[in-house]
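Protein chains in written order, with this note's numbering: chain V, 1480 to 1995; chain P, 1480 to 1995.
Number of protein chains: 2
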Amino acid sequence: MHEPGSQLIGNTSSAEGQQTFQAFNPQRQEWIPQPFREATAGEIDRAVTLAAAAFNTYKKVAAPQRAAFLRAIADGIVALGDELINTASAESGLPLARLQGERDRTTNQLRLFADLITEGSWVNARIDSGTPDVRQLQLPLGVAGVFGASNFPLAFSVAGGDTAAALAAGCTVVCKAHPAHPHTSHLVAAVIGKAAQSTGMPEGVFSLLHGATVATGQQLAVHPLLSAIAFTGSFRGGKALYETATRRAVPIPVFAEMGSVNPVFFLPGILKEKGEALAGQFLQSLTMGVGQFCTNPGLFITQTGSEVFMETLLKNIAASPAGCMLTPGILDAYNKGLQQLQQAGAQVLGKAQEAAQQAAPALLQVSAQQALDDPALCHEVFGPSSLHIKANSTEELYRLAAALEGQLTATIHGTEDDLRQHAGLVDILREKAGRIVINGFPTGVAVNHAMVHGGPWPATTPAAGTSVGTAAIYRFCRPVCYQDFPAYLLPPELHNDNPLDIWRLVNGRFSKDMLS
Amino acid sequence: MHEPGSQLIGNTSSAEGQQTFQAFNPQRQEWIPQPFREATAGEIDRAVTLAAAAFNTYKKVAAPQRAAFLRAIADGIVALGDELINTASAESGLPLARLQGERDRTTNQLRLFADLITEGSWVNARIDSGTPDVRQLQLPLGVAGVFGASNFPLAFSVAGGDTAAALAAGCTVVCKAHPAHPHTSHLVAAVIGKAAQSTGMPEGVFSLLHGATVATGQQLAVHPLLSAIAFTGSFRGGKALYETATRRAVPIPVFAEMGSVNPVFFLPGILKEKGEALAGQFLQSLTMGVGQFCTNPGLFITQTGSEVFMETLLKNIAASPAGCMLTPGILDAYNKGLQQLQQAGAQVLGKAQEAAQQAAPALLQVSAQQALDDPALCHEVFGPSSLHIKANSTEELYRLAAALEGQLTATIHGTEDDLRQHAGLVDILREKAGRIVINGFPTGVAVNHAMVHGGPWPATTPAAGTSVGTAAIYRFCRPVCYQDFPAYLLPPELHNDNPLDIWRLVNGRFSKDMLS
């Protein structure tokens, strides 16, 4: 007998719901016994209402204390040790080593945001000390609804980048766990709850809700006290949330990262120089993690000189292992996506050996004309497949680039000669993607200050931003300005004597100076 | 005989439309003879298509050249001299002195943005020089659709803040002129066209479209090559554009400034100290420009000690002159708004003497309970009226503040004792408004670096930003990052040697240093 898993609303476990769901172990192909309760409408309301009350306290917690909270979460995640890794692996089918890496990324992200807010300049303080005296800084939006992603059960989930950025900004968080990994989510949420208590944060600064139905997420999205939504997942899921949020009586911003085909352009010179090596690297990027990255290269475009490259690719893909995907639903969608591509006229160039309940890496191909005629051919198929297009000229290569939808990333491989001869390609791709990579591969997203993980629709909803890196914090803020305030009512970031020693734009000039 | 006014599409005048409209002189109460043609669907398409083509060139124009373009526009506006002021006055009923001030603001804004992009640090360059090497900056979105506002025929219209910010960012602009001032719009558009030619900008960097119907604006908003919309006007108009833009196949951001009631809180101590003086200042802020400012104080809240203040107000408002509004439609909406307030239970405390075709300043009142029960009482009535609410306790004052919708501004008048005793009020209001003013009045928006003219819905659509001040430029940008780029493909802002001498966030540290 297993007592069904419950919601964590503030410091309280809540078990109102009668509807339950189970996680699935995709490696063992079996349901994990313990069920989880679907959150009820009442529980969703309680979580958001508590988060809104907590916000009134949390927004005034000084940055060093918020940072201590984030660091305590990181420490708690580390302290979970193998239990967390094993649980996440059972629920996702992801290998232990990959999850250990993802855990490191998760804790590093939390610490990076802790460092960012401890340093403090991120608030973009601006002071114009004329008449009137006007002082601006970034303030948190309120309660953020964070939707966990299936493909990063740690780094884009309960204590992932969105939660870290929102909590760092001063928002409180109600997280909707991804139903594929409720046990993992529960473990991490319990850590956050303990960290909140040990560092003196208000109850409700974080709550976790479970749910396997669309209705649960939608109920969260329409709650009047919610101020923003962060989501990583499918185009369909992200678009549904976007539509809901923009049609509310009071619309709220949705920061949905909805994936991308991440086109890779291989220019002629470099293919001639190192076609074989590039084929190996490309296939590694394509099949890594069974192709389940938002930045997986699902489209690649060559022009001339691709013979050795393509031969090597086809030889190697046949020998690639099939792999276990995150959920049966994702595997099913992958196989259906490949079928649809073929029905739309794509030709299968090569495929790994099939294996039961596993995804076989695949290479498909369409002509440039087909791709230009039918943009749906270039839509994402989530998984280890990539579509090849051969351009018949540089002009056609540019036309293919210009016809692309918005992307998280776009990549160009070329020698210096290639790149100089195709400088127009960068010009086109900078309108298409949030990140442009030269002579690398899009998988592997560095978490730092300069990273952009975002891009034009349909890569993300139309709110300029990034969901990876320190700039992700700005999604959860808005600027507020204080006019002619006496010092005792101003936040310290805007005091004349700059007590936090932060960089500020003072009368148009960056400095750490005091105001005289 | 008057040849109807035409669209300005790039360098060409276009006169396809057969449907025409006329502007109205509200002072003289007569139609201005020359009609203007409503833009056709074909003209709208040509303007946006040309702007999209121009963007491919304009986005690569170096900042000093873009700055020269902005300055040439400012010079051209000055050179229009009295013709511009007289034309704008005839179409808006605004006094010459007010329009001279607005012209100065308009040209100052253009020059401020020119200075901003010449200095260059605004691009928020971020460099992480590890492995991978990742470098980020803000890039322009594409073609911006700018909708001119009725109440600022210069500063929020054809060459107003939105156009200045968009052109500064590197976007091209298709402007939909407000139909209340087409002649003024035409004069300014011609200046922009000449400035574009004299400074070597690509044709189509700016186009002007006329239209008095909703359809024209909607056709612009759905054009597939449009990337963003900026709007200043009514809640109804802004919301319609927001809905259209978010329901496109590819949604685009809408930065709509939709107005606000701009609540003013008068605390007990200061009312006792200087109730009479405050009454005079408040009435001046309320009636200035016949109350036709987005930041007009349409709501004021007192607690105790308001007797002298209210008496003075009532005495003075009776003696206030009625004034000419921008259009007959706006006057009509003002009078209907006052009627609706009364039907909803508001009591008229005092009103200026009525005059034919003019708006009489008015003060109305509801009880705190009425306001809490019926939030519609606190909706904007555009014009020189303000609604008074008396709170029966500090707790009720806080409840009234917490019940407010999103605002552009919120203002508190208080002595130091008042303010310290009501510190919770700032806490509430910072969630409600983009700008909080202490002991001042919300009308009069400084154009500088720290200003925020924006706020939570329904003050603006939910995209954090400001439509006044240099931070307005970020509405027209998104971050793009370059990974492992060779120097010859990087924009100069991201070169190791920092040739533009801008502030950058290099490995997390602000500096102007070169990278070694």
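By construction, the Cβ of each residue, glycine as well, lies at the ideal position given by its N, Cα and C atoms.
These numbers come from a predicted model, not from an experiment.
Proximity of residue i and residue j at Cβ, strictly below 9 Å
| i | j | result |
| --- | --- | --- |
| residue 1742(P) | residue 1780(P) | yes |
| residue 1607(V) | residue 1831(P) | no |
| residue 1581(V) | residue 1632(V) | yes |
| residue 1954(V) | residue 1618(P) | no |
| residue 1484(P) | residue 1657(P) | no |
| residue 1710(P) | residue 1922(P) | no |
| residue 1680(P) | residue 1905(P) | no |
| residue 1858(P) | residue 1842(P) | no |
| residue 1526(P) | residue 1556(P) | no |
| residue 1687(P) | residue 1664(P) | yes |
| residue 1705(P) | residue 1624(P) | yes |
| residue 1967(P) | residue 1898(V) | yes |
| residue 1895(P) | residue 1965(V) | yes |
Simplified DSSP assignment, three categories, for residue i
| i | result |
| --- | --- |
| residue 1817(V) | helix |
| residue 1480(V) | With a pLDDT of 45 at residue 1480(V), under the threshold of 50, the predicted position of this residue should be treated as unreliable, though the coordinate-derived value follows. Three-state DSSP puts residue 1480(V) in coil, outside helix and strand. |
| residue 1972(V) | helix |
| residue 1857(P) | helix |
| residue 1443(P) | The structure shown does not extend to residue 1443(P), since chain P is modelled only from 1480 through 1995, so no value can be given for it. |
| residue 1747(P) | helix |
| residue 1619(P) | strand |
| residue 1735(P) | strand |
| residue 1597(V) | helix |
| residue 1842(V) | strand |
| residue 1916(P) | strand |
| residue 1705(P) | strand |
| residue 1493(P) | strand |
| residue 1667(V) | helix |
| residue 1889(V) | strand |
| residue 1692(V) | coil |
| residue 1753(P) | helix |
| residue 1909(V) | coil |
Any non-hydrogen atom of the ligand ATP closer than 8 Å to residue i Cβ
| i | result |
| --- | --- |
| residue 1562(V) | This structure simply doesn't include the ligand ATP, nor any ligand for that matter. |
7 Å Cβ shell around residue i - same chain, five flanking residues per side excluded
| i | result |
| --- | --- |
| residue 1724(P) | 1700, 1708, 1730, 1731, 1733 |
| residue 1584(V) | 1634, 1926 |
| residue 1940(P) | 1717, 1721, 1733, 1734, 1735 |
| residue 1507(V) | none |
| residue 1847(P) | 1868, 1869, 1870, 1871, 1875, 1879 |
| residue 1500(P) | 1514, 1515, 1517, 1658, 1691 |
Same chain, Cβ closer than 6 Å to residue i, neighbours up to 5 away in sequence not counted
| i | result |
| --- | --- |
| residue 1737(V) | 1714, 1717, 1937 |
| residue 1615(P) | 1605, 1958, 1960 |
| residue 1754(P) | 1787, 1788 |
| residue 1536(V) | 1681 |
| residue 1826(P) | 1844 |
| residue 1533(V) | 1651, 1681, 1683, 1684 |
| residue 1589(P) | 1549, 1552, 1553, 1643 |
| residue 1836(P) | 1508 |
| residue 1493(V) | 1485, 1486, 1522 |
C-beta neighbour in chain C for residue i, strict 9 Å
| i | result |
| --- | --- |
| residue 1987(P) | Of the chains in the structure shown, none is chain C; the protein chains are V and P. |
Close-in-space but distant-in-sequence residues of the same chain around residue i (CB under 8 Å, 5 per side omitted)
| i | result |
| --- | --- |
| residue 1521(P) | 1495 |
| residue 1666(V) | 1559, 1562, 1563, 1566 |
Against chain V, which members of the region 1912-1928 of chain P pass a CB distance test of less than 9 Å? 1912, 1913, 1914, 1915, 1916, 1917, 1918, 1919, 1921, 1923, 1925, 1927, 1928
Could you name the residues of the region 1790-1814 of chain P whose beta carbon sits closer than 9 Å to any beta carbon of chain V, in the order they occur along the chain? none
Between the region 1742-1751 of chain V and the region 1877-1893 of chain V, can you find at least three pairs of beta-carbon atoms closer than 8 Å? yes
What residues in the region 1724-1747 of chain P bring their beta carbon closer than 7 Å to a beta carbon of chain V? 1725, 1729, 1730, 1731, 1732
Tell me which residues of the region 1957-1985 of chain P have at least one Cβ-Cβ distance to chain V shorter than 8 Å, keeping chain order. 1957, 1958, 1959, 1960, 1961, 1962, 1963, 1964, 1965, 1967, 1968, 1982, 1984
Near-chain P residues of the region 1599-1616 of chain V (beta-carbon distance less than 8 Å), N- to C-terminal order: 1600, 1605, 1606, 1607, 1609, 1611, 1613, 1614, 1615
Under 8 Å: do the region 1759-1775 of chain V and the region 1798-1817 of chain V share three or more Cβ pairs, one atom per stretch? yes
Contact set between the region 1618-1630 of chain P and chain V, restricted to residues whose Cβ is under 9 Å from the partner: 1618, 1620, 1621
Relative to chain P, which residues along the region 1899-1911 of chain V have a C-beta separation below 8 Å, given in chain order? 1899, 1902, 1905, 1906, 1909, 1910
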